[in-house]
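Engineer:
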DNA sequence: TTGTAAGCGTTATCAT
DNA sequence: ATGATAACGCTTACAA
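Protein chains in written order, with the numbering used here: chain A, 2 to 340; chain B, 2 to 340.
1) In whole angstroms, give me the CA-to-CA distance for residue 172/B and residue 231/B.
2) I'd like to know whether the C-beta of residue 138/A is nearer than 9 angstroms to at least one C-beta of chain B.
3) Might you give, ordered along the chain, the residues of its own chain that have their beta carbon closer than 6 angstroms to the beta carbon of residue 291/B, omitting 5 neighbours on each side?
4) In whole angstroms, what is the alpha-carbon distance linking residue 326/B and residue 37/A?
5) Check each candidate in 226/B, 138/B, 58/B and 296/B and name the one with the smallest Cα separation from residue 163/B.
6) Give a yes or no on contact between the region 74-90 of chain B and the region 52-64 of chain A, applying the rule of three or more CB pairs nearer than 8 angstroms.
7) Round the Cβ separation of residue 190/A and residue 235/A to the nearest angstrom and send it over; I've been treating them as touching at under 8 angstroms.
8) List the residues of chain B that residue 262/A touches, going by C-beta distances under 9 angstroms, in chain order.
9) Strictly under 9 angstroms for the Cβ-Cβ distance: is residue 192/A near chain B by that measure?
10) Go through its chain and collect everything with a Cβ distance to residue 205/A's Cβ below 7 angstroms, but skip five positions before and after it.
11) Quick one, which of 208/B, 69/B and 200/B has its alpha-carbon nearest residue 185/B's?
12) On the three-state DSSP scale, how would you describe residue 277/B?
13) Comparing the C-beta of residue 320/B with each C-beta of chain A, is any distance below 9 angstroms?
14) DSSP three-state call for residue 6/B: helix, strand or coil?
15) By the criterion of Cβ-Cβ separation under 8 angstroms, what are the contact partners of residue 96/B in chain A?
16) Return helix, strand or coil for residue 167/B, following the three-state DSSP convention.
17) Taking only runs that begin and end inside the region 240-287 of chain A, name each unbroken beta strand (DSSP E) of 3 or more residues, in chain order.
18) With a threshold of 9 angstroms between beta carbons, is residue 245/A in contact with chain B?
19) Any beta carbon of chain B sitting closer than 9 angstroms to that of residue 184/A?
20) What does the Cβ neighbour count give for residue 182/A, buried or exposed, with the cut at 16 atoms within 10 Å?
21) Does DSSP put residue 57/B in a helix, a strand or coil?
22) With a threshold of 6 angstroms on Cβ separation, who are the neighbours of residue 322/B within its own chain once the five nearest residues in sequence on each side are excluded?
23) Provide the residue span of the beta strand (DSSP E) that contains residue 100/A, from first to last.
24) Checking contacts by CB at 9 angstroms: is residue 52/A closer than that to chain B?
25) Look at the alpha carbon of residue 121/B and the alpha carbon of residue 167/A, and state the distance between them as a whole number of angstroms.
26) Do residue 117/B and residue 95/B count as a contact pair if the criterion is CB distance below 9 angstroms?
27) Report the partner residues of residue 71/A according to the DSSP bridge assignment.
28) State the Cα-Cα distance for the pair residue 82/A and residue 79/B, rounded to the nearest angstrom.
29) From residue 178/B to residue 220/B, what does the alpha carbon distance come to, in whole angstroms?
30) Comparing the C-beta of residue 22/A with each C-beta of chain B, is any distance below 9 angstroms?
31) Does the contact criterion of 3 or more C-beta pairs under 8 angstroms hold for the region 119-139 of chain A versus the region 264-275 of chain A?
32) One question on the structure: do residue 124/A and residue 158/A come within less than 9 angstroms of each other, judged by their Cβ atoms?
33) Tell me whether residue 15/A sits in a helix, a strand or coil according to DSSP, three-state version.
34) To the nearest angstrom, how far is it from the Cα of residue 305/A to the Cα of residue 284/A?
35) Verify whether the separation of the beta carbon atoms of residue 188/B and residue 247/B is less than 9 angstroms.
36) What three-state label does DSSP hand residue 291/A in the structure shown?
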């Protein structure tokens, strides 16, 4: 086995082979720098021969900017988070940024942020709803832009791009009222999230506008498991609820499973179900799930724009953007009476 | 608005404040280096006061190692990929590595790998089944360890840790035969993947062992959409298949949806369905999906071990690991006759 | 337009 | 055990 661990070519090697200076090499690999076509050609040729490509680490050290954005993501079993991560990554890459991924682990959270920051990321984006406030704040203190794609309770000094959870909850409540339901139950998510708080407020206000209150409520913790228990609890009431709004799709699928499988109910005739997220699996169930959908493309686009702008300008003002949701009616709710 | 964009403290600042040399600072922040308790104490104190933490970029440049692993991931809408990414990230982080994420875009694939490599990642892991061979190979040529978590057709010169797709297909076929099915159809995935090829071979061999052949087959391209069409096609045959094996869970859920929703069939009585991946949504459907499950924890663990070992030792031999699968019987297949 | 030389923030070598 | 000093590979005034 021939050991040809030839260490990679450096700009000096290219310079030597091309018969120019290192600056010339650097310039050829820098957008919009002064190089004559002739030198550029020679450099490119030499670079090709040596299979040279610039060392981004060295470049970063010199430029004091890495072109790296840190993304804090978790709960990827939830399709909506996974999709968000993928879309964010694509978009950032297309803009020329690299991505450092951080999957927080509750155990040693405090070590991770410093590590992320030690890589000198140019900005931080977080998609985790249950983050401890002081983490993003630590990032902010280093002067880097930080954008949260979830509202975090008590963290409104941070930039955010979020979905209109209140509006979403309100839309769900309105739909259920307008399709004739009177005993509307709610399966909530983790109560330490702004997501849950706002979706619930929206629901309550919508019901109130129709002279109703939430018929019953149970906490599903945003998990499928938790929602199975919650559903059993709600369906044991008498009379049973005639509709359930769930704070995410996973939980709505659990409600669907339990109501049909264990209680033999017909959906949507005996029981209407509305989920939240409009995630892929909401289209995969049968009957397909009616769900409130955040406008993910818009959120991603706003976030990336904001991040890129703040990196470029150093703008340190705090911004909040709220993106409207849309209701996707599928088969777990009745059709609206035509007006 | 007070602009206190104080540039972060450097080791020199800490050294000055602590009244020691830069080397002393460096040593205090290096595992197992000779520093007296006294200097360490002084350094740590000064560091705390200045809120200093070492610059990993500079460190990387000097050490010629970044502690970064590149992960190439895609198709995160497929829960099994998302989960794999999360598990890999957790594990690598626990081992002290950082992660550079690359989500390939078919359009400009060729630009991305060089960019990833330019960040001088210590190793590359890929979870994408449809990767173009020359990309991982480019990484290999730089002398870095590359591990594929999917077999890629014609790329067996690369390290791999993969799931026993042949065994999985075989197990599915066997289960269906043993539960009394005779007209077993197959919804295939993209034919340019080793995944699909091996699952199909396993299925065929299992049927052959019971004197059967695949009753009919259609390509679902690993997508939900594709599988809906495929299912309609298969169920239009007469007589209809009495079982369908799908090359992944998304497609199996489509089969479930179409067979029940559009053809009014009872599952598993009229039609048995087996999926592949044992992904979270397979537990969320009703009836819950029987599925062949790769042992993800084991795959992740083997991969991380291999990567870390190869980084440490520089070992350049090519290794292939195949992890056994397990069959998870839920409600879309009949119970096995008790022997 | 091109080259020279001084950083960027660490670590490693080698004296002390 | 500690401190100078030279890398690490690149960019960027500044001068030519």
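From the three backbone atoms N, C-alpha and C, an ideal C-beta is built for every residue, glycine too. A quick note: this is a predicted structure, and the numbers were derived from the prediction, not measured.
Structural biologist: Quick answer:
1) 22 angstroms
2) no
3) 275, 330, 331, 333 and 334
4) 60 angstroms
5) 296/B
6) no
7) Not confirmed; about 15 angstroms, so no contact.
8) 287, 288, 289 and 332
9) no
10) 215
11) 208/B
12) strand
13) no
14) Here residue 6/B scores only 48 on pLDDT, less than 50, and its place in the model should not be relied on; the value that follows carries that caveat. DSSP places residue 6/B in coil when its eight states are reduced to three.
15) Here the premise fails: no neighbours, minimum Cβ distance about 12 angstroms.
16) helix
17) 244-247 and 273-277
18) no
19) no
20) buried
21) helix
22) 162 and 303
23) 99-103
24) yes
25) 45 angstroms
26) no
27) 101/A and 125/A
28) 12 angstroms
29) 22 angstroms
30) no
31) no
32) no
33) helix
34) 28 angstroms
35) yes
36) strand
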